[in-house]
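One structure below.
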Amino acid sequence: MVIDLKTLAELKQALLVEKTELESSLNRIAKPVDAETGDYEATFTEVGNDREDNTTEVEEYTDNLPVEIALEKKLQAIIVALAKMEEGTYGICDNCKKEIAIERLQANPSAQTCITCK
Ligand SMILES: [Zn+2]
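Quick note on numbering that gives the first Met the number 0: the sequence shown kicks off at 0 and runs consecutively.
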């Protein structure tokens, strides 16, 4: 591992901050199924029961779903990155197993692949 401890600590901090932000965004539109793995489910907000309310609910759900999926993906990547830090395999490309450039990790600490495999 070429990443020095100070840089690693900074990257970990950045991941933790982003994780907290993502979790609070997700909590607004989804409920956690398994917080440990970052599995969330878009919530279907009950506005009311007349026809207009039901339309609003469906629209809201349809709007939230792609957002929820994108946030969840990002959160899961962060959880994986943090787990890799614990295991000491952080910064290794999932695809070619080479080290990911530090500049790439600093720009995107949850990157799972190197710039070539992106
Ligand atoms: Zn690669």
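Glycine included, C-beta positions come from ideal geometry on N, C-alpha and C.
Since the model is a prediction, treat every value here as computed from it, not as a measurement.
Beta-bridge partners of residue i, as assigned by DSSP
i	result
residue 30	40
residue 98	91
Nearest-angstrom Cα separation, counted from residue j out to residue i
i	j	result
residue 40	residue 71	9 Å
residue 10	residue 105	7 Å
residue 91	residue 29	31 Å
residue 42	residue 60	7 Å
residue 141	residue 57	Because the chain is modelled from 0 through 117, residue 141 falls outside the range shown and cannot be assessed.
residue 110	residue 69	15 Å
residue 114	residue 108	13 Å
residue 50	residue 87	55 Å
residue 27	residue 34	14 Å
residue 55	residue 65	17 Å
residue 93	residue 48	48 Å
Where residue i sits in the DSSP three-state scheme
i	result
residue 69	helix
residue 49	coil
residue 79	helix
residue 57	helix
residue 35	coil
residue 3	coil
Cβ-Cβ distance between residue i and residue j below 8 Å
i	j	result
residue 74	residue 5	no
residue 15	residue 84	no
residue 25	residue 67	yes
residue 78	residue 112	no
residue 1	residue 98	yes
residue 76	residue 89	no
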